[in-house]
Every structure is written in structure tokens, then in C-alpha cells.
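Peer 1: Could you have a look at this structure, given as C-alpha cells, before my questions?
Protein chains in written order, with my numbering: chain A, 320 to 632; chain B, 186 to 676; chain C, 45 to 365.
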């Protein structure tokens with residue numbers, strides 16, 4: 320059989336790339352000056368932390384859970400990055416490691432007690448936000464210089480944000496989609512009974528996925544504070560919804576462990592670009608969020624169409 | 186440990202398994218030797234699947250002895266031990282992850298494939314076994330399982346089980362392995378089974394296609410009522426004698442049928458269905474008839490009933506129901522019971538619309554209905570307000586019957602509702618069904634018990650989702666139903 | 045510790061709603077012991093007022109959650125914001141237009157509910173994603189619509205929202221009425237029974253003749269309408285609508301439903317518990333405030349409380365055979 324670009328599966332996996340490209344072409348058409356190193360850099364300035372948060376959310380969705388506390392968590396780590404990490408690096412690193420530990424514990428709790436992730440993470444969103452307020456009661460703080468240096472690296476020809484996004488996407492892809500461990504993690508989302516019957520521990524799979532989500536959540540907070548140089552407790556609250564939207568745009572589904580790291584990163588970039596397109600079109604910023612919602616619905620509708628096509632076959 | 190060449194690979198002695206009051210296995214005596222293929226046949230509920238679950242270590246028997254290579258393993262036998270001893274099975278429900286590729290599923294089954302280059306090794310392994318078992322197959326091992334056809338998935342499942350890595354493979358159980366394979370592919374599998382057996386392996390083959398069993402197996406075991414009823418070398422069976430051996434299972438006294446006179450089918454047609462894309466025969470039910478759906482378990486009978494239920498009050502091209510419909514579930518857990526509700530609420534849910542006063546449900550009318558049907562069905566409970574699960578299985582089933590019978594439904598669909606119900610309850614319910622039918626209600630009754638088919642006015646037999654034969658009451662015989670249930674023999 | 049947990053669990057199992065009232069009372073007592081009884085009446089009336097808002101929104105969310113696993117409405121905050129803005133604009137500070145304003149708000153709710161369910165059904169996507177996507181659109185609509193909108197509520201409406209009858213907040217009485225109706229709908233109507241049936245076993249409900257699609261559609265419409273009603277009332281209470289006035293209600297609505305003893309797995313819900321849980325949530329904040337605890341600790345405590353309660357209540361239990 321020849322690989323056919325028109326098969327539903329190929330279409331489905333290409334959808335994130337297609338929507339990203341369509342948006343990019345739209346932007347270049349409306350505003351040709353955006354087609355430059357500077358233009359891309361400006362438009363995608365804040366895409367990196369969103370991409371990392373999306374990857375974190377993707378790990379949770381791999382096992383058919385959802386994390387409603389991610390925004391609060393990213394805010395909290397950003398606040399630590401703006402305070403503790405600069406003041407006493409050792410304590411700061413320890414605190415961030417503890418954060419990842421808490422995520423692993425949450426995974427364990429959810430698995431052992433068979434809890435709905437939506438309620439547990441809902442509760443945790445209060446906890447992270449409260450902790451962020453404790454660490455940084457008023458907006459401010461100062462990101463350590465090394466952190467700011469890392470996120471503002473200048474790369475030749477292609478903006479850093481694109482290089483970094485590509486590295487993240489490919490790196491996570493290699494781990495989750497290509498490695499033998501990744502197979503078990505995704506299998507645990509696809510058919511848990513079969514995986515358990517083959518002798519694998521679902522508990523370990525869940526704890527691993529949650530810990531990974533915690534790790535990427537920390538990375539997201541650090542890059543965010545590196546870019547903005549200071550933080551506040553509410554800095555990333557909207558990341559919860561953005562990250563879920565990013566995963567879905569990237570072809571992730573809420574059931575059956577179907578996720579795609581490359582798609583997720585593209586989804587995050589698409590969401591970031593959407594606001595640029597709107598401003599180039601001189602559409603009021605009020606509709607920014609709405610446009611993200613519209614894109615989401617459009618892509619979901621296209622996907623449903625592809626699925627229907629497949630079923631009719 | 187003395188392992189003589191004569192010691193059978195597995196010896197089962199007096200294996201007993203009960204599910205509540207139902208005896209699934211009543212003292213099975215069997216041996217399975219290396220280097221032979223054993224066919225296992227029997228009608229529904231003969232105990233084949235339970236026996237295989239015991240062998241696979243999924244089910245612990247209540248009594249008896251299981252020894253492997255002459256050693257008693259009864260105490261420590263379980264899934265893990267079975268795998269260690271080289272016992273594997275392909276069950277009817279597939280255990281592949283649909284979101285992974287064929288290669289990745291192989292990796293999940295074989296923990297030893299890991300580390301750098303695992304994908305290549307897994308790919309080679311599964312490729313070689315797929316090509317070995319199913320030469321000329323077009324399965325791309327990098328395809329997602331979700332994108333494969335049902336038959337291809339079955340092939341992958343079989344290949345992952347036969348694929349050898351570090352552990353030994355001594356006994357393979359194939360439970361209806363050819364159910365979704367076409368003829369040529371099935372032939373390839375059976376040829377491979379022969380090769381595997383010649384090389385010293387042991388295979389247990391369960392299939393409803395008798396030709397396969399006869400041509401592939403060295404020895405055939407016929408089961409019935411949880412026992413071995415017949416055991417011979419395959420050469421000493423013919424299709425005919427095999428069907429006969431299965432048919433002789435029911436030595437229970439046949440319920441006396443007072444009137445075998447066939448009612449002329451003149452009443453108005455109330456329901457009609459032609460299974461979509463499955464053959465051309467149509468089921469027709471007339472007012473006041475009891476229609477039986479026969480055939481082996483899982484041949485599309487439930488799907489047919491669900492389609493009929495959906496067609497009520499809606500326009501569907503292949504099915505039509507005139508008048509309200511009610512459904513009596515056989516699989517109580519998934520299709521019937523509302524676990525958090527009382528017995529009463531479980532009964533009234535279908536009829537709430539008729540007991541409204543000023544838009545609100547009238548508790549008096551509700552209690553009244555509960556009381557009436559507690560009496561009518563003789564539901565054994567001190568209080569209808571108790572949770573549904575305080576009832577025994579048979580009484581839960583009565584409550585589900587009450588739900589349908591208490592409603593305004595003119596057509597009642599029954600999805601093998603007597604599964605695991607005691608004989609007393611059955612008799613009570615049969616009686617009610619007959620009297621309701623006499624009052625003009627129509628029953629469409631899927632059942633896996635032949636006895637029940639004989640009390641129907643008209644019987645349709647299903648195989649592979651299609652209606653394959655129909656017979657009026659006067660022509661119903663067990664042999665005839667069995668013959669149409671099993672492929673090849675029918676033609 | 046283990047025995048305390050298991051005792052709590054048995055108690056929660058027998059009277060799931062009692063737990064929240066018990067908690068609310070304990071917290072109230074702790075607070076007034078701390079203040080030597082000063083301001084007890086004040087605390088109760090404010091708790092009733094603010095708790096009322098939680099109750100209204102949570103009532104709708106409760107119906108949605110009752111409809112079974114995976115059902116949840118994430119579009120509540122944006123609906124509150126949009127309905128608040130629309131109602132204020134229609135009322136335009138004019139007492140004569142109050143009714144029209146309320147009707148317009150409920151109209152917004154019905155529209156959002158229909159849109160939510162259309163997405164769920166037509167795109168066959170999980171409710172979480174559907175209501176999330178819808179909330180993005182609704183949120184933008186409310187930003188665009190409400191920008192620069194600073195219309196004060198009509199005097200009569202503001203009076204209704206902040207006034208008292210026999211010392212009790214009018215709102216609380218109004219919400220009490222609403223919950224009584226909600227309870228009757230749940231237990232005494234075909235719709236209520238149907239939702240509960242779907243939540244326990246959707247397939248069985250369909251086979252038992254329940255019109256599954258229609259019931260789920262109604263559920264999402266009810267939920268959005270109640271959120272919209274809350275938006276209008278909230279705007280009246282706080283002297284005009286604001287964009288972020290719905291923010292806290294998403295988390296609060298789910299938390300109140302869960303703490304109030306409804307099953308997260310669906311099929312079992314508790315209207316009385318909504319009051320207990322709402323008071324509990326509000327009094328917890330008041331208590332921590334009285335103790336002089338900062339906002340950070342307050343939120344951490346609230347969050348941990350939710351996690352603790354869901355851990356004790358446990359997830360869906362494997363059904364008996």
C-alpha cells in the first residue's frame with residue numbers, strides 16, 4: 320500500500336500543521352512585514368512558555384485525565400523563579416523539585432483512590448494560587464540573570480523561540496512516541512486492561528506521567544519569568560485553558576491516549592499567532608479569546624468531518 | 186521431578202466451578218498433550234470459555250486438580266504462572282491498544298524488547314511471525330491498530346501470541362480465532378496451527394465452524410452442561426455425528442408442549458427488521474406472537490434488538506416498529522439495572538410519563554404500581570424501597586421484567602434475560618409471558634437456551650449478524666437450530 | 045487516622061449533605077468563639093448573601109454533574125459575565141425594564157446552553173472540551189459587549205439584591221425558593237428521574253425509554269440559565285456588571301456540588317447539601333479572615349479542603365456484581 324495523504328489518519332495528523340500554516344500565510348498576506356526575523360520573534364515572543372505548558376497538559380491527557388490547576392502551577396513556579404531562585408538558588412531548586420514531587424503524589428492519589436482528576440486539580444488550583452500569593456504577594460520580583468540570558472539567546476537565521484519549540488517538540492516526540500517507555504505510557508491510556516494484563520504497572524505509568532507534567536510545568540514557569548523578568552501570582556492563570564486548547568488543536572483526544580507532542584507545540588503556536596492575525600486585521604483585542612475558541616471549534620469540526628469520512632469508508 | 190515422555194502437558198482432574206447457584210463446570214476430566222491439537226465444541230453455556238479461563242489462570246476453580254508436566258500446580262496457578270509455563274491465549278475480545286501501532290503493541294506484550302533499537306527488533310519479530318502465519322498479508326506493522334480492519338486486528342493478536350521471545354511457548358488457546366477472518370486467511374492460520382503442533386506445541390481450538398475443527402484437530406472434545414460428554418479422535422467424527430453429540434446434551438425432560446398447532450400468521454405485522462448489510466432475510470413479528478431469536482451467543486441478536494428499540498417512533502429504513510417498545514436486558518449490569526436506585530424506582534422508570542399529576546410524578550400511583558408488580562412477579566423483598574442490589578440475581582431480573590410489562594409497551598424485546606436465573610423463576614416468567622402474549626402483546630425473545638425457543642411461535646436463527654433460517658413452531662428441533670447455528674452444515 | 049477517615053466515610057455515606065452542614069456549623073462556632081460572639085449575626089447574614097450566589101450556580105452545575113461521568117459545564121464564568129452585562133444594558137437603570145432585563149439574561153443562558161449541547165452532540169466531543177470552546181466565544185462576546193459599560197442597576201433591582209425581609213437577605217429567600225423548586229424537579233418530575241438514570245447508566249437509560257439527548261440538552265440549558273440568572277443578580281448586587289465577576293464561580297460551583305454530597309460520578313445528587321457546602325465554603329473564608337490569615341493561606345486551605353473531601357468521598361466505586 321502506498322502512503323496516501325488523503326487517508327483519514329494522515330489528514331488527522333496533518334491538521335495541526337495545516338491550521339498553523341494557513342494562519343501563518345494569512346498573517347503574511349495581511350502584513351508582509353511580519354515575514355521577517357524580527358516579525359516572527361515579536362509575534363511568537365511568549366509562545367515558548369505556552370508550548371511547555373501545553374506539553375505538560377498533554378502528559379496528563381495521555382492517561383485520559385485533565386489538569387485544571389496547570390495555570391496556577393505555572394504561576395507559582397514563575398513566582399519562585401522571580402524570588403527564591405535568585406535569592407538562594409539551592410532552596411529555589413529544591414522548591415521546584417518538591418513541586419514535581421507534589422505532582423507525582425497527585426498522580427498516585429488519583430490512581431489509588433480512583434479520583435476524578437478534574438476535582439482534585441480544581442482543588443489544587445486554589446493551593447497553587449494561594450502558594451503563589453504567599454511567595455509573591457505583590458507583582459514584582461526579579462528573574463535571575465542566567466535565566467533571562469537563556470531565554471533571550473540569539474540564534475542565527477531563525478528566531479530562538481522557533482528553534483526552542485522545535486527542540487521541545489522533537490525531544491518529547493522521541494521520548495513519548497518513539498521510546499519503549501513511551502509506548503507503555505500511551506498504551507496505559509489506550510487500553511489500560513491490556514497493558515495491566517501484560518504485566519505493567521498502571522500506577523507507575525500514572526505517577527510518571529504526572530511527574531513529567533510537573534517537570535514541564537516548572538520549565539514553563541521558568542521560561543515565562545525569564546521572558547517577563549518579573550512575575551505576579553496571576554501571571555499564568557489563563558494557561559490552564561490555553562494548554563487544554565493547545566493539546567486539542569494539536570490532535571489530542573480526551574479518550575484513548577491519543578496525543579501528539581509535535582501537534583501540541585504547533586497548537587500552542589497557532590493559538591499565539593491567532594492574536595497577531597487579529598491585531599493585523601485591526602480586529603479589536605476583545606475578540607482575541609473568541610478567535611481562539613473559534614479556531615478550536617473549527618478544527619474540532621474538521622476532525623469530526625474526517626472521522627465521519629472514515630466511518631463511511 | 187520425574188518427567189516421562191508420557192506425562193501429558195496439562196492434566197485436569199475433576200475441575201469444578203460454580204457461579205452462585207449456576208454450575209459452570211461440573212467435574213471436568215481432560216488431558217492436553219504436547220504435539221496435538223484438541224478441538225473443543227459445545228453449545229452455549231457448555232462451559233468451554235470458563236474452562237479456558239481456568240487454564241489461562243484468569244479464573245480460580247472451586248475444586249479439582251490441575252497438573253502440568255506431572256506436577257500439581259493447583260495451589261499456585263494464576264496468570265503469571267500460566268505465562269511462565271508457556272500457556273497463552275487469544276480470547277474473543279481483543280486486547281490490543283488501538284492508539285498504538287502493531288510494532289508498539291508487540292512491545293507491550295513482550296517486556297524483554299526494550300532498550301536501543303527496540304523498534305527494529307519488535308518490527309522484525311512481528312513481521313516474521315505475521316509472514317510466517319499469514320503469508321502474503323498486507324498488514325503494515327507501522328500502522329495504528331485502530332486503522333486496521335477487524336480481521337487484520339485478529340491476525341495481529343494471533344501473531345503477537347505466537348511470537349516467541351525469551352519465554353517458552355507450550356500451549357496456545359485459540360477461542361474462535363477465525364470469527365473475523367476470511368476463508369483463505371483462516372486456512373493459513375489452521376495450517377500454521379498444524380505446523381506448531383508438529384513441532385511439539387499444543388493447541389486448543391474452539392470454533393463454531395465444525396469443518397475447521399474436523400480438519401485441523403487430532404482429537405475432539407464435546408462439552409455440555411459443564412462436563413465432557415464425548416471425546417474421540419477427530420477421524421471418528423463427522424459433521425453430522427458432531428452436531429448430534431452436541432444435541433444430546435439436553436437430556437432434561439422436554440417441557441410438554443400442549444399445542445403444537447401452528448397459528449396461521451394472519452395478525453397484523455407490528456415489527457419488521459432486516460439486519461443492515463447482512464443478508465436479505467427479514468424478521469417479521471405479528472401482534473400477539475412470541476418470536477424467538479436463536480443461534481450461538483453473540484451472533485448479532487442483541488444488536489438486532491437494540492436497533493428495533495431505536496426504530497420505535499422514528500424513521501429508519503431497515504426496521505419498523507408500530508407501537509411502544511420496551512426492552513428487557515439480559516446483561517443486567519450494563520443494560521438494565523440503575524445501581525443507586527430502589528427496586529421500585531427501577532421498575533417505574535419506564536412508565537413515569539403515565540403517572541403524572543399536574544406535571545409531577547404522583548408518589549401514590551408510583552407506590553401502587555410497585556405494589557402491584559411486586560405481587561404479580563412475586564419479587565421477594567420486604568420493601569420495594571430497598572436498593573435493587575439487595576435482591577438476588579433472579580429477582581433483579583424479575584424487576585426488569587416488571588419494568589417492561591408494567592409499561593404501555595405493545596412490543597417487548599428480551600435480550601436473553603433468563604441467563605443465570607433459577608428454574609422456579611423461569612417457570613413463573615414463562616407463564617406471565619404466555620398470558621401477556623395471549624392478551625395481544627408481542628414478544629421478541631433472544632435466547633441461548635433451546636428449551637425456550639420451543640415455546641416460541643416462530644424462530645429466526647442468526648449467524649454473523651444475519652438471519653440464516655426461520656422456522657415455525659411445528660418445525661423447531663434442536664438439530665435444525667444447531668445446524669443453522671454452525672456454518673457449512675447449514676448449506 | 046485511618047479509623048477517623050473510615051468513620052467520616054460511613055457518615056458521609058449515610059447523610060452526604062449532613063457532612064457539609066456539620067462542617068459549616070463547626071467552622072461558624074470556631075469563628076464566634078474566636079471573636080467572643082461579636083458579629084455573629086453579621087457573619088450569618090453575609091454568609092447567606094454570598095452563599096446564595098454559590099447555591100444558584102451550583103444548582104445548575106449539579107444537574108450537569110448528575111448526568112454522569114464527564115459531564116461538567118466550564119462555561120459558567122463567561123455566561124455570568126455576559127448575562128450580567130446584557131441584563132444591565134437592557135434594564136438601563138430603569139425600574140420598569142427589570143423584568144425584560146432578567147428575561148434577556150435568561151435568554152443568554154438558554155442560547156449558551158443550546159450552543160454547548162450542539163457542540164457536544166454535533167462534534168461528538170467530551171463536554172469539557174465543548175463547554176471550554178464555547179466559553180472562549182462567550183467570554184469574548186462579553187468583553188466586546190461590556191466594554192466601557194458602566195450602567196448601574198435599577199434602584200428597585202439593587203434593593204432586591206441587597207435588601208432584607210425579616211432580617212434575612214431577600215436573595216437568600218429567593219434562592220431557597222429556587223432550590224426547593226430544583227429539588228422538586230429532581231425528585232418529582234420525569235426530567236429529574238431521567239437525569240439521575242442517565243447519570244447511573246446511560247445505556248440502560250436509553251434502553252429503558254429515556255430520551256437521552258433531549259434530557260442532556262435540557263440539562264445544559266438549565267445550567268447555563270441559572271448561571272445567567274446569577275449573573276444578573278450579581279450585577280444588581282454589586283452595582284453593575286464587571287468582566288471578571290464570574291471568575292470564582294467555576295471552581296466554586298464544582299466544589300460546592302462535590303462537598304454537598306453529590307456523586308462526582310453522577311446519578312446521585314443532593315440539593316440540601318448545596319446550602320451546607322456553600323455556607324461551608326464562605327464561612328471557611330470568613331473564619332480564616334477572622335483568624336487574621338492572609339489571602340495565600342486562605343486559598344491553600346480552601347484547596348486542600350476540596351482535595352481532602354474528594355479523597356474521603358472517593359471516586360466511582362466498582363459496582364457490585
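All C-beta atoms in this analysis are idealised placements derived from N, C-alpha and C, irrespective of residue type, glycine included.
Using the DSSP secondary-structure output, state which residues sit across from residue 572(B) in a beta bridge.
Peer 2: As a working note, residue 572(B) is residue 387 in the second chain. 527(B), per the DSSP bridge assignment.
Peer 1: Measuring CA to CA, which of 542(B), 398(B), 633(B), 415(B) is closest to residue 487(B)?
Peer 2: By 1-based counting over the second chain, the position of residue 487(B) is 302. Considering only alpha carbons, the answer is 633(B).
Peer 1: If we ignore side chains and look at the alpha-carbon of each, how far apart do residue 469(A) and residue 534(A) end up?
Peer 2: Start at 1 with the first residue of the first chain, and residue 469(A) comes out as number 150. Start at 1 with the first residue of the first chain, and residue 534(A) comes out as number 215. Whole-angstrom Cα-Cα distance: 18 Å.
Peer 1: Just reading off the beta strand (DSSP E) that residue 469(B) is part of, what are its end residues?
Peer 2: Within the second chain, residue 469(B) is the residue found at index 284, counting from 1. Element bounds for residue 469(B): 468-471.
Peer 1: Would you identify the three-state DSSP class for residue 216(B), choosing helix, strand or coil?
Peer 2: As a first step, residue 216(B) must be located in the second chain, where it is residue number 31. In this structure, residue 216(B) counts as strand in the three-state DSSP scheme.
Peer 1: Would you give the residue range spanned by the beta strand (DSSP E) that residue 643(B) belongs to?
Peer 2: As a position in the second chain, residue 643(B) is number 458, starting the count at 1. Here the beta strand (DSSP E) through residue 643(B) covers 643-648.
Peer 1: Can you tell me whether DSSP reads residue 394(B) as helix, strand or coil?
Peer 2: As a position in the second chain, residue 394(B) is number 209, starting the count at 1. Coil, per DSSP.
Peer 1: Within the same chain, show all residues whose beta-carbon is closer than 7 Å to that of residue 321(A), passing over the 5 residues directly before and after it, in chain order.
Peer 2: Start at 1 with the first residue of the first chain, and residue 321(A) comes out as number 2. Note on residue 321(A): pLDDT 44, under 50, position unreliable in the model; the coordinate value appears next. Counting only Cβ-Cβ distances below 7 Å, and skipping sequence neighbours, we find nothing.
Peer 1: Grab me the residues of residue 355(C)'s own chain with a C-beta within less than 7 Å of its C-beta, minus the 5 sequence neighbours each way, in chain order.
Peer 2: Here residue 355(C) refers to the residue found at position 311 when the third chain is read from its first residue. Cβ neighbours of residue 355(C) beyond the five flanking positions: none.
Peer 1: Is there a C-beta anywhere in chain B that falls below 8 Å from the one on residue 247(C)?
Peer 2: Locating residue 247(C) in the third chain gives position 203, counting from the first residue. Judged by the 8 Å Cβ criterion, residue 247(C) is in contact with chain B.
Peer 1: Taking a cut of 9 Å between CB atoms, which residues from the stretch 516-530 of chain A lie near chain B?
Peer 2: The stretch 516-530 of chain A vs chain B, Cβ under 9 Å: 516, 517, 518, 519.
Peer 1: Do the stretch 407-414 of chain A and the stretch 548-560 of chain A meet, that is, are 3 or more Cβ pairs less than 8 Å apart?
Peer 2: Touching, no, given that fewer than three Cβ pairs across the two stretches are closer than 8 Å.
Peer 1: Got a sec: is the Cβ-Cβ distance from residue 64(C) to anything in chain A below 8 Å?
Peer 2: For the purposes of this step, residue 64(C) is taken as the residue at position 20 of the third chain. No, its Cβ sits nowhere closer than 8 Å to a Cβ of chain A.
Peer 1: Around the C-beta of residue 630(B), are 16 or more other C-beta atoms found within 10 angstroms, so that it is buried, or is it exposed?
Peer 2: For the purposes of this step, residue 630(B) is identified with residue 445 of the second chain, where counting begins at 1. The residue is buried, with at least 16 neighbouring Cβ atoms inside 10 Å.
Peer 1: Do the stretch 268-286 of chain C and the stretch 532-546 of chain B make contact, defined as three or more Cβ pairs closer than 8 Å?
Peer 2: No, the stretch 268-286 of chain C does not touch the stretch 532-546 of chain B.
Peer 1: Using the rule of at least 16 other Cβ atoms within 10 Å of the residue's Cβ for burial, across every protein chain shown, is residue 433(A) buried or exposed?
Peer 2: Within the first chain, residue 433(A) is the residue found at index 114, counting from 1. Label assigned to residue 433(A): exposed.
Peer 1: Report the three-state DSSP secondary structure of residue 171(C) (helix, strand or coil).
Peer 2: Start at 1 with the first residue of the third chain, and residue 171(C) comes out as number 127. If DSSP states are grouped into helix, strand and coil, residue 171(C) belongs with the helices.
Peer 1: Give me the Cα-Cα distance between residue 393(B) and residue 400(B), rounded to the nearest whole angstrom.
Peer 2: One-based indexing of the second chain puts residue 393(B) at position 208. One-based indexing of the second chain puts residue 400(B) at position 215. So the alpha carbons of these two residues sit roughly 13 Å apart.
Peer 1: Closer than 6 Å by C-beta to residue 515(A): which residues in its own chain qualify, once you throw out the five before and the five after it? Chain order, please.
Peer 2: Stepping through the first chain from its first residue, residue 515(A) is reached at position 196. These residues qualify, in order along the chain: 521.
Peer 1: Could you tell me the boundaries of the beta strand (DSSP E) in which residue 223(B) lies?
Peer 2: Counting from one through the second chain, the residue named residue 223(B) turns up at place 38. First-last of the beta strand (DSSP E) with residue 223(B): 222-226.
Peer 1: If the criterion is Cβ atoms closer than 8 Å, does the pair residue 609(A) and residue 185(C) meet it?
Peer 2: The residue labelled residue 609(A) in the question sits at position 290 within the first chain. The residue labelled residue 185(C) in the question sits at position 141 within the third chain. Result yes, Cβ atoms of residue 609(A) and residue 185(C) sit closer than 8 Å.
Peer 1: Let me see if you follow: with CB-CB separation under 8 Å, is residue 308(B) close to chain A or not?
Peer 2: By 1-based counting over the second chain, the position of residue 308(B) is 123. It does not; no Cβ of chain A falls within 8 Å.
Peer 1: Whole angstroms is fine: what's the gap from residue 222(C)'s alpha carbon to residue 100(C)'s?
Peer 2: As a working note, residue 222(C) is residue 178 in the third chain. As a working note, residue 100(C) is residue 56 in the third chain. Going by the C-alpha atoms only, they are around 8 Å apart.
Peer 1: Does residue 302(B) come out as helix, strand or coil in the three-state DSSP assignment?
Peer 2: For the purposes of this step, residue 302(B) is taken as residue 117 along the second chain, with counting starting at 1. Coil.
Peer 1: Tell me the residue span of the alpha helix (DSSP H) that contains residue 624(B).
Peer 2: As a first step, residue 624(B) is located in the second chain; it is residue number 439 there, counting from the start. From DSSP, residue 624(B) is part of no alpha helix (DSSP H); its letter is neither H nor E.
Peer 1: Quick check: residue 564(B) and residue 523(B), are their CB atoms within less than 8 Å of each other?
Peer 2: The count along the second chain starts at 1 and reaches residue 564(B) at position 379. The count along the second chain starts at 1 and reaches residue 523(B) at position 338. No, the Cβ-Cβ distance between residue 564(B) and residue 523(B) is not below 8 Å.
Peer 1: With a 10 Å radius around its C-beta and 16 neighbouring C-beta atoms as the bar for buried, classify residue 202(B) as buried or exposed.
Peer 2: Against the second chain, residue 202(B) aligns to sequence position 17. Buried is the call here.
Peer 1: Go ahead and pull the three-state DSSP assignment for residue 252(B).
Peer 2: Start at 1 with the first residue of the second chain, and residue 252(B) comes out as number 67. In this structure, residue 252(B) counts as strand in the three-state DSSP scheme.
Peer 1: Report the rounded CA-to-CA distance for residue 138(C) versus residue 199(C), giving the unit in angstroms.
Peer 2: In the third chain, the residue the question calls residue 138(C) occupies position 94. In the third chain, the residue the question calls residue 199(C) occupies position 155. So the alpha carbons of these two residues sit roughly 8 Å apart.
Peer 1: Provide the residue(s) that pair with residue 458(B) in DSSP beta bridges, ordered along the chain.
Peer 2: In the second chain, counting from the first residue as 1, residue 458(B) sits at position 273. DSSP, once it has assigned bridges, lists 468(B), 504(B) as partnering residue 458(B).
Peer 1: Under 8 Å between the Cβ atoms of residue 171(B) and residue 584(B)?
Peer 2: In the structure as shown, chain B begins at 186 and stops at 676. Residue 171(B) is therefore absent and cannot be evaluated.
Peer 1: Exposed or buried, residue 438(B), counting other C-beta atoms within 10 Å across all chains shown (16 or more means buried)?
Peer 2: Numbered from its first residue, the second chain carries residue 438(B) at position 253. Unreliable placement is indicated for residue 438(B), whose pLDDT of 43 sits below 50; no coordinate value is reported for it.
Peer 1: Evaluate residue 328(C) with the Cβ neighbour count: other Cβ atoms within 10 Å of its Cβ, from every protein chain shown; 16 or more gives buried, anything less gives exposed.
Peer 2: One-based indexing of the third chain puts residue 328(C) at position 284. With 16 or more other Cβ atoms within 10 Å, it is buried.
Peer 1: Taking 8 Å as the limit between beta carbons, can you name the residues of its chain near residue 265(B), skipping five residues before and five after?
Peer 2: Taking the first residue of the second chain as position 1, residue 265(B) is located at position 80. Closer than 8 Å at the Cβ level, and outside the excluded window around residue 265(B), lie 242.
Peer 1: So the candidates are 130(C), 142(C), 190(C), 206(C); which of them puts its Cα closest to the Cα of residue 90(C)?
Peer 2: Your numbering for residue 90(C) matches position 46 in the third chain. The option with the nearest alpha carbon to residue 90(C) is 206(C).
Peer 1: Please report how far the alpha carbon of residue 597(A) lies from the alpha carbon of residue 350(A), in whole angstroms.
Peer 2: Stepping through the first chain from its first residue, residue 597(A) is reached at position 278. Stepping through the first chain from its first residue, residue 350(A) is reached at position 31. Approximately 11 Å between the Cα atoms of the pair.
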